[in-house]
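Chemist: In the UniProt record's numbering, the protein residues as written are 1 to 420.
Got a structure here, written out as structure tokens. Questions coming.
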Amino acid sequence: MQLLSELLLARTAIRELPSSIGQLSGISLLDLRSCEYLVRLPASVCQMRKLKILILKGCSRLAIFPENLGDLTELEELYAGNTAILQLPDSVENLSKLKILSLRKGRKVKHQCARSLILPGLFHGLRELKSLDLSGCNLCDNEVAALMNLTSLLELNLSRNKFISLPDIFSGLSHLRYLNITHCQELQKLPKLPQNIEELYVEDFLAKESIAKLRMYPRLNLVSFTNYSFDQQSYTEESNDSSISDEILSLFLSNNMDDVILPSLNPDHRVTCSIVFPEHAIPKWFMHQSAEKNISFKLPINWYYDKFKGFAICCVTRMGAGVCSPDSSLSGKYDYAFINAKLICNDHLKDLKVLEKECKVGTASRTNGQCVCFAYIPLYASLQVSGTDVGDINQYSLFEASIRGCIVKQWGVHLIYQDK
């Protein structure tokens, strides 16, 4: 049986694996997802020394890992979400090649208690771990201290936990790019973030503090707000309440944009920024609005002068069928869409290159709910991409915007000038 490389038992009624399973020494993938009657794994599973992917998610009666789990020294991906498992064995430290670990708990999972997941005191051995999902694990303030040792971590999902405050652990996670702390209703303030953070998913009551953080983190280009009660309510088409987005966008745009989005030849620094709100109306002060699939309008004569900063773009979208991020190991938990903005020249100057820039927007859960996506695209971002000297910017007389990855109900565009 050494030639057998995959064992697929997903959604079967199996209650127990035979102890002889360890003899399948060539297995690299063991898929037991949604085996709802599976209650235990034999220790002999850990004799499958070539195993790279172990899928246990949805095994709602499975309560413990084998103590010798660490014998799976080639294991790279472990998915144990929505199980009854509440503790990792100490031997997990030996999983030195593990890249993805998911222990997430769903909101409504059979046989799942409300106790907290018990994490190891140290995580020194998981040197290659890139993605960690601990959402819904009932973790409290000091139960995540061990995470500071996961120095290779790129993506961390701590949503739906019970933190009041978080210890200063993230500043040491220098590679962390994605942080999800949505639906942490008791969290009172944002923790200090790693310098290289790119995407932040957080509750909307921390919106003002999150916007202020933009100045501190040069790579932070996507901030997505969630409101749990808003997510649960039914959407009314006639509602026109945009109080949160109106207030926060005004706060954002009242700042000096050059301080918030640094014009730089350094590719590590952002050149666009996006914010997502759990709302369904565009602020009325957006001058150009449209209910079409795309938006297109003629720019005013001499629209560009030295006070011009960039384009603020808003759209009411229905997320839920978005584009997965190609570089995110837990991309199934995130919904992305991409706003494309274009500057097009006058008809008699068709040889002049179209200037365009794409900006990513996203939400942290696939709720199929409406939200307002905001993107700020400074003019220099388009010029930087074009790589050419366009001369008189006012030769560009038409602005267009479109989106891929979601359905748009309404557009709004506003030209941003300094001191206006």
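Note that beta-carbon positions come from the ideal geometry of N, C-alpha and C, so glycine has one too.
Only a predicted model underlies this, so the values are computations on that prediction, with no experimental measurement involved.
Closest by CA to ASN207, which one among LYS130, GLN195, LYS189?
Modeler: It is worth fixing the name first, because residue 207 is Ala in this sequence and not Asn. Measuring from the Cα of ALA207, the nearest candidate turns out to be LYS189.
Chemist: Please name the residue, chosen from GLN87, ASP133, LEU101, that lies closest to ARG115 on a Cα-to-Cα basis.
Modeler: Closest by alpha carbon: GLN87.
Chemist: Measuring straight from C-alpha to C-alpha, what distance separates SER174 and ALA146?
Modeler: Whole-angstrom Cα-Cα distance: 15 Å.
Chemist: With DSSP as the reference, please indicate the residues paired to PRO378 in a beta bridge.
Modeler: Beta-bridge pairing links PRO378 to GLY310.
Chemist: If LEU54 and LEU30 are in contact, beta carbons under 8 Å, what's the gap, nearest whole angstrom?
Modeler: Contact flag correct, Cβ pair sits at about 5 Å.
Chemist: Could you pull out every residue in the same chain whose Cβ sits closer than 8 Å to the Cβ of TYR37, ignoring the five residues on either side in sequence?
Modeler: For TYR37, where only same-chain residues beyond five positions count, the Cβ hits under 8 Å are ALA13, ILE14, ARG15, ARG61.
Chemist: Taking 8 Å as the cut-off, decide whether the C-beta atoms of ILE301 and GLN410 are in contact.
Modeler: Cβ distance not < 8 Å, so ILE301 and GLN410 don't count as in contact.
Chemist: For VAL385, count the other beta carbons within 10 Å of its own beta carbon; 16 or more makes it buried, fewer makes it exposed. Which is it?
Modeler: Residue placement at VAL385 is flagged as unreliable, the pLDDT there being 49, under the threshold of 50; a coordinate-derived value is accordingly withheld.
Chemist: Pull the bridge partners of HIS414 from the DSSP assignment, please.
Modeler: In the DSSP output, where bridge partners are listed per residue, HIS414 has ALA312.
Chemist: With a floor of 3 residues, list each beta strand (DSSP E) that falls wholly inside the segment 16-48, ordered by position along the chain.
Modeler: Runs of the beta strand (DSSP E) inside the segment 16-48: 29-31.
Chemist: Identify, in the order they occur along the chain, each residue of the same chain with its Cβ nearer than 7 Å to the Cβ of GLN418, setting aside the five sequence neighbours on each side.
Modeler: Around GLN418: LYS307, LYS309.
Chemist: By alpha-carbon positions, which one of GLU186, GLN185, VAL276 ends up nearest to LEU222?
Modeler: Closest option to LEU222, Cα to Cα, is VAL276.
Chemist: Might you give, ordered along the chain, the residues of its own chain that have their beta carbon closer than 6 Å to the beta carbon of LEU166, omitting 5 neighbours on each side?
Modeler: PRO191.
Chemist: Return the chain-ordered list of same chain residues with a C-beta closer than 7 Å to the C-beta of LEU9, the five sequence neighbours on each side being excluded.
Modeler: The residues are ASP31, LEU32, CYS35.
Chemist: Candidates ASN294, LYS105, PHE338, GLU128: which alpha carbon is nearest CYS373's?
Modeler: Out of ASN294, LYS105, PHE338, GLU128, PHE338 has the C-alpha closest to the C-alpha of CYS373.
Chemist: In angstroms with no decimal places, state the Cα-to-Cα distance between LEU41 and ALA375.
Modeler: Between LEU41 and ALA375, the C-alpha separation is close to 48 Å.
Chemist: Applying the criterion that 16 or more other CB atoms from any shown protein chain within 10 Å of the CB defines a buried residue, is LEU3 buried or exposed?
Modeler: By the neighbour-count rule (16 or more Cβ atoms within 10 Å), LEU3 is not buried but exposed.
Chemist: Can you check DSSP and say which residues form a bridge with LEU297?
Modeler: Checking the sequence shown, residue 297 turns out to be Phe, not Leu. Looking at the DSSP assignment, PHE297 forms a beta bridge with PHE399.
Chemist: Can ASN138 and LYS162 be called in contact, C-beta distance under 8 Å?
Modeler: Yes, the pair counts as a contact, with Cβ atoms nearer than the cut-off.
Chemist: Taking all protein chains shown into account, do 16 or more other C-beta atoms lie within 10 angstroms of the C-beta of ALA291, making it buried, or fewer, making it exposed?
Modeler: Counting Cβ neighbours within 10 Å, ALA291 comes out exposed, since fewer than 16 surround it.
Chemist: Take GLY70 as the anchor and find which of ASP246, SER402, LYS50 has the nearest alpha-carbon.
Modeler: Answer by Cα proximity: LYS50.
Chemist: For LEU362, does the three-state DSSP call read helix, strand or coil?
Modeler: Correcting the residue identity first, residue 362 is Gly in this sequence and not Leu. Here GLY362 sits in strand by DSSP.
Chemist: Grab me the residues of LEU187's own chain with a C-beta within less than 8 Å of its C-beta, minus the 5 sequence neighbours each way, in chain order.
Modeler: PHE163, ILE164, SER165, LEU166, ILE181, GLU203, LEU206, listed in sequence order.
Chemist: How many angstroms separate the CA atom of VAL45 from the CA atom of TYR79?
Modeler: Straight-line Cα distance between these residues: approximately 15 Å.
Chemist: Taking the C-alpha atoms as reference points, what is the distance between TYR305 and CYS345?
Modeler: Their Cα atoms are separated by approximately 17 Å.
Chemist: Kindly indicate which three-state DSSP category LYS409 falls into: helix, strand or coil?
Modeler: The answer is strand: DSSP assigns LYS409 an E or B state.
Chemist: Taking the alpha-carbon positions, what's the GLY125 to THR73 distance?
Modeler: Whole-angstrom Cα-Cα distance: 11 Å.
Chemist: By the DSSP assignment, the beta strand (DSSP E) with PHE277 in it spans what residues?
Modeler: That run of the beta strand (DSSP E) goes 273-277.
Chemist: To the nearest angstrom, how far is it from the Cα of PRO66 to the Cα of ALA43?
Modeler: Between PRO66 and ALA43, the C-alpha separation is close to 5 Å.
Chemist: Nearest to LEU299 by CA position, among THR272, PHE399, ASN157, PHE123, is which residue?
Modeler: It is PHE399 whose Cα lies nearest to the Cα of LEU299.
Chemist: Using the C-alpha atoms, what's the distance from ILE27 back to SER19?
Modeler: Approximately 15 Å between the Cα atoms of the pair.
Chemist: Throw me the rounded Cβ distance for the HIS288 and GLY412 pair, which I believe falls under 8 Å.
Modeler: 7 Å between Cβ atoms; contact.
Chemist: Anyone know if the C-beta pair for LEU98 and LEU134 falls short of 8 Å?
Modeler: Not in contact: LEU98 and LEU134 (Cβ atoms no closer than 8 Å).
Chemist: Measure the C-alpha to C-alpha separation of CYS184 and GLY106 and round it to an integer number of angstroms.
Modeler: Straight-line Cα distance between these residues: approximately 14 Å.
Chemist: Tell me the rounded alpha-carbon separation between residue 427 and HIS414.
Modeler: Outside the modelled stretch of the chain, which goes from 1 to 420, sits residue 427, for which no answer is possible.
Chemist: Throw me the rounded Cβ distance for the GLU93 and PRO120 pair, which I believe falls under 8 Å.
Modeler: That pair is a contact at about 7 Å.
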